[in-house]
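K.L.:
Top to bottom, those sequences are chains V and W.
Counting from 9, one number per residue, gives the positions in the first sequence under my numbering.
Counting from 9, one number per residue, gives the positions in the second sequence under my numbering.
Protein chains: 2
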Amino acid sequence: MRIKCIVAYDGTLFHGWQIQPNVRSVQEEIQKALKNITGENIVIHSSGRTDAHVHAHNQVFHFDSDKNLPEKQWQRALNHFLPADIYIKDSCFVNEDFHSRYSVKEKEYHYILSTNTYSPFDRHYIYQYPYGKLDLKIMQEAAQIFIGEHDFASYCVYDQYGNTIRTLYDFIISEEDGVFTFVLKGNGFRRYMVRHIVGGVIQVGAHRKSIAFLQDLLDSKGAKKCLFKAEPEGLYLEHVYYEED
Amino acid sequence: MRIKCIVAYDGTLFHGWQIQPNVRSVQEEIQKALKNITGENIVIHSSGRTDAHVHAHNQVFHFDSDKNLPEKQWQRALNHFLPADIYIKDSCFVNEDFHSRYSVKEKEYHYILSTNTYSPFDRHYIYQYPYGKLDLKIMQEAAQIFIGEHDFASYCVYDQYGNTIRTLYDFIISEEDGVFTFVLKGNGFRRYMVRHIVGGVIQVGAHRKSIAFLQDLLDSKGAKKCLFKAEPEGLYLEHVYYEED
Numbered sequence: 009m010r011i012k013c014i015v016a017y018d019g020t021l022f023h024g025w026q027i028q029p030n031v032r033s034v035q036e037e038i039q040k041a042l043k044n045i046t047g048e049n050i051v052i053h054s055s056g057r058t059d060a061h062v063h064a065h066n067q068v069f070h071f072d073s074d075k076n077l078p079e080k081q082w083q084r085a086l087n088h089f090l091p092a093d094i095y096i097k098d099s100c101f102v103n104e105d106f107h108s109r110y111s112v113k114e115k116e117y118h119y120i121l122s123t124n125t126y127s128p129f130d131r132h133y134i135y136q137y138p139y140g141k142l143d144l145k146i147m148q149e150a151a152q153i154f155i156g157e158h159d160f161a162s163y164c165v166y167d168q169y170g171n172t173i174r175t176l177y178d179f180i181i182s183e184e185d186g187v188f189t190f191v192l193k194g195n196g197f198r199r200y201m202v203r204h205i206v207g208g209v210i211q212v213g214a215h216r217k218s219i220a221f222l223q224d225l226l227d228s229k230g231a232k233k234c235l236f237k238a239e240p241e242g243l244y245l246e247h248v249y250y251e252e253d
Numbered sequence: 009m010r011i012k013c014i015v016a017y018d019g020t021l022f023h024g025w026q027i028q029p030n031v032r033s034v035q036e037e038i039q040k041a042l043k044n045i046t047g048e049n050i051v052i053h054s055s056g057r058t059d060a061h062v063h064a065h066n067q068v069f070h071f072d073s074d075k076n077l078p079e080k081q082w083q084r085a086l087n088h089f090l091p092a093d094i095y096i097k098d099s100c101f102v103n104e105d106f107h108s109r110y111s112v113k114e115k116e117y118h119y120i121l122s123t124n125t126y127s128p129f130d131r132h133y134i135y136q137y138p139y140g141k142l143d144l145k146i147m148q149e150a151a152q153i154f155i156g157e158h159d160f161a162s163y164c165v166y167d168q169y170g171n172t173i174r175t176l177y178d179f180i181i182s183e184e185d186g187v188f189t190f191v192l193k194g195n196g197f198r199r200y201m202v203r204h205i206v207g208g209v210i211q212v213g214a215h216r217k218s219i220a221f222l223q224d225l226l227d228s229k230g231a232k233k234c235l236f237k238a239e240p241e242g243l244y245l246e247h248v249y250y251e252e253d
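Given below as structure tokens:
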């Protein structure tokens with residue numbers, strides 16, 4: 009059977025999704041739980057990686073197992089074995105042609121930032137922007153240049169081989185009582201892409217850089233790099249959409 | 009000079025307010041910061057202790073120093089040296105007859121509990137009640153028995169010498185979308201007193217114990233003990249009020 013799961017995790021104490029030696033990863037914790045349940049060495053496949061300290065409200069992964077469990081029992085069994093910072097929100101059976109990464113239609117990321125007085129309670133969950141106010145209106149204007157299909161090479165981690173062309177469907181910025189939410193929807197995001205785009209837009213909101221500066225970076229298609237990368241703790245993988253949703 | 013400070017701390021990684029050997033405490037971190045600022049070995053005095061993993065939005069402490077700093081500069085200097093889970097919200101000069109503990113007029117604690125689906129993001133900040141719904145109305149009724157002056161011996165940690173008579177001025181319970189807030193105001197609270205009272209009231213809300221059961225415990229003045237203690241992560245020292253406020 010192929011099982012699809014939706015998982016939330018607090019990224020604070022993880023070095024990201026992917027298994028790496030000697031550090032704690034979400035993937036490893038889930039695979040350890042699956043080993044406890046099934047006795048099998050199961051490899052899980054997510055919709056994509058998330059970096060160290062980045063959170064997920066609804067990450068998606070799948071795996072195959074011969075273990076004969078009802079579909080919702082996978083959720084209960086996994087939550088029994090998983091640590092407190094990972095929570096499986098749903099589990100269901102899917103067809104063999106479903107793949108958590110290859111079948112993705114759209115991904116949605118949220119970035120949360122506060123310009124209010126520093127809060128020790130929010131420090132792992134909201135980026136505590138320490139430099140005063142931000143101009144919402146000019147950030148909303150700056151967001152427009154990223155919408156559509158672009159070569160985002162200037163806003164990704166450097167990789168001369170990968171395809172850096174992506175389509176951003178929507179980029180909405182809102183503010184409530186000094187807390188800013190950046191919502192980005194697209195057909196895919198390269199590593200550090202959300203954090204570089206948000207980092208650049210914040211510079212515009214602080215009146216340190218112009219929209220033309222961000223446009224010039226984008227147009228250079230990797231020849232110039234965005235040097236502003238928003239901190240990981242404000243970033244959430246919010247939703248992954250598939251054809252069948 | 010005598011300096012009064014208001015401090016917020018995330019209690020998650022502390023073994024409470026008070027200095028103890030070999031563990032991390034809020035008091036020790038603040039005294040280390042004061043040593044860095046002044047070179048003096050300053051002892052600070054709070055409005056009272058908080059236990060391991062209990063939070064504070066507005067704890068109060070004072071200390072004396074010969075260091076000649078403007079009053080608001082103490083806040084800035086302390087925040088410079090303090091770790092990210094402690095934040096000084098204000099600092100001001102007070103008269104020598106002010107004492108953070110002896111001058112307290114009223115203290116206010118909040119307890120936050122969620123009956124919703126488990127959230128890995130709230131696990132250190134909201135008690136994730138795992139046993140289903142709670143009956144708000146009967147809990148509000150139960151709260152009434154605690155209001156006024158009582159011997160709270162049955163709801164404190166055992167201590168045959170201390171005075172366990174306290175006056176509870178107010179005890180308000182509200183609910184919004186499955187998240188319950190318990191607000192307790194009184195002239196003082198013994199160790200574990202809030203957590204035992206809230207723990208008992210939760211039992212009533214779950215229809216496992218009656219209001220008469222809680223009343224019987226209270227009337228026994230320590231002969232019978234409340235065995236239900238709410239978890240520390242939902243508890244916040246919210247405000248400390250003084251005569252001059």
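Where a beta carbon is used, it is the ideal one built from N, C-alpha and C, also for glycine.
Between Phe69/W, Gln148/W, Cys100/W, Ser162/W, which has its C-alpha nearest Val112/W's C-alpha?
P.N.:
Along the second sequence, one-based indexing puts residue 112/W at 104. Selected option, being the one with the closest Cα: Phe69/W.
K.L.:
For Ile173/V versus Asp185/V, is the C-beta spacing smaller than 8 Å?
P.N.:
Sequence index remark: in the first sequence, residue 173/V carries index 165 (1-based). Sequence index remark: in the first sequence, residue 185/V carries index 177 (1-based). No, Cβ-Cβ distance for Ile173/V and Asp185/V is not below 8 Å.
K.L.:
Would you call the segment 24-32 of chain W and the segment 129-143 of chain V touching, i.e. three or more CB-CB distances under 8 Å?
P.N.:
Segments in contact, no.
K.L.:
Closest by CA to Gly56/V, which one among Tyr117/V, Glu48/V, Pro91/V?
P.N.:
Indexing the first sequence from 1 puts residue 56/V at position 48. Checking every option, the nearest Cα to that of Gly56/V belongs to Tyr117/V.
K.L.:
Mind checking whether Ala238/W and Arg216/W have CB atoms under 8 Å apart?
P.N.:
Sequence index remark: in the second sequence, residue 238/W carries index 230 (1-based). Sequence index remark: in the second sequence, residue 216/W carries index 208 (1-based). In this structure, Arg216/W does not lie closer than 8 Å to Ala238/W by Cβ.
K.L.:
Using a threshold of 7 Å, is the CB atom of Asn30/V nearer than that to any non-hydrogen atom of the ligand GTP?
P.N.:
This structure lacks the ligand GTP; in fact it carries no ligand of any kind.
K.L.:
Tell me which same chain residues have a C-beta within less than 7 Å of the C-beta of Phe22/W, skipping the five on either side of it?
P.N.:
Locating residue 22/W in the second sequence gives position 14, counting from the first residue. Excluding positions up to five away in sequence, the list reads Arg32, Ser33, Val34, Ala60.
K.L.:
Between the segment 86-94 of chain V and the segment 34-48 of chain V, can you find at least three pairs of beta-carbon atoms closer than 8 Å?
P.N.:
Result yes; three or more Cβ-Cβ pairs closer than 8 Å.
K.L.:
Exposed or buried, which one is Gly208/V when buried takes at least 16 other CB atoms within 10 Å?
P.N.:
Sequence index remark: in the first sequence, residue 208/V carries index 200 (1-based). By the neighbour-count rule (16 or more Cβ atoms within 10 Å), Gly208/V is buried.
K.L.:
Could you tell me the distance, in whole angstroms, from the CA atom of Trp82/V to the CA atom of Ser99/V?
P.N.:
Working through the first sequence from its first residue, we reach residue 82/V at position 74. Working through the first sequence from its first residue, we reach residue 99/V at position 91. The alpha-carbon atoms of Trp82/V and Ser99/V are separated by roughly 6 Å.
K.L.:
Label Gln67/W either buried or exposed according to how many other C-beta atoms from any shown protein chain fall within 10 Å of its C-beta, with 16 as the threshold for buried.
P.N.:
Here residue 67/W refers to the residue found at position 59 when the second sequence is read from its first residue. Counting Cβ neighbours within 10 Å, Gln67/W comes out buried, since at least 16 surround it.
K.L.:
Counting C-beta neighbours from all protein chains within 10 Å, is the total for Gln18/V 16 or more, i.e. buried, or is it exposed?
P.N.:
On the first sequence, residue 18/V is found 10 positions in, with the first residue counted as 1. Residue 18/V is actually Asp in this sequence, not Gln. Counting Cβ neighbours within 10 Å, Asp18/V comes out buried, since at least 16 surround it.
K.L.:
From what residue to what residue does the beta strand (DSSP E) around Ala16/V run?
P.N.:
Sequence index remark: in the first sequence, residue 16/V carries index 8 (1-based). Taken as a continuous stretch (DSSP letters only), the beta strand (DSSP E) holding Ala16/V covers 10-17.
K.L.:
Please compile the residues from chain W whose C-beta is within a distance smaller than 8 Å of the C-beta of Asp105/V.
P.N.:
If you number the first sequence from 1, residue 105/V lands on position 97. Going along chain W, no residue has its Cβ under 8 Å from Asp105/V, so there is no contact; the nearest lies around 30 Å.
K.L.:
Against Ile94/V, what residues of chain W qualify as contacts under a CB-to-CB distance less than 9 Å, listed in chain order?
P.N.:
Position 86 of the first sequence holds residue 94/V. Simply Pro128.
K.L.:
Near His132/V, which residues of its chain fall below 7 Å by C-beta distance, leaving aside the five closest residues on each side in sequence?
P.N.:
Here residue 132/V corresponds to residue number 124 of the first sequence, with the count starting at 1. Hits under 7 Å: Thr20, Glu241.
K.L.:
Please confirm whether Tyr137/V has its beta-carbon closer than 8 Å to some beta-carbon of chain W.
P.N.:
Translated into positions along the first sequence, residue 137/V becomes position 129. Cβ-Cβ to chain W under 8 Å: no for Tyr137/V.
K.L.:
Between the Cα of Phe188/V and the Cα atoms of Tyr126/V, His63/V, Ile180/V, which residue gives the shortest distance?
P.N.:
The residue you call residue 188/V lines up with position 180 of the first sequence. It is Ile180/V.
K.L.:
With Gly156/V and Thr175/V assumed to form a contact (beta carbons below 8 Å), what rounded beta-carbon distance in angstroms separates them?
P.N.:
Against the first sequence, residue 156/V aligns to sequence position 148. Against the first sequence, residue 175/V aligns to sequence position 167. Indeed, because the Cβ distance is near 7 Å, the residues count as touching under 8 Å.
K.L.:
Per DSSP, what kind of secondary structure is Tyr163/W in: helix, strand or coil?
P.N.:
Walking along the second sequence from the start, residue 163/W turns up at place 155. Helix.
K.L.:
Could you tell me whether the Cβ of Tyr254/W comes closer than 8 Å to any Cβ of chain V?
P.N.:
The displayed coordinates of chain W run from 9 to 253. Any statement about residue 254/W would go beyond what the structure contains.
K.L.:
Verify whether the separation of the beta carbon atoms of Gly230/W and Ala150/W is less than 8 Å.
P.N.:
Here residue 230/W corresponds to residue number 222 of the second sequence, with the count starting at 1. Here residue 150/W corresponds to residue number 142 of the second sequence, with the count starting at 1. Result no, Cβ atoms of Gly230/W and Ala150/W do not sit closer than 8 Å.
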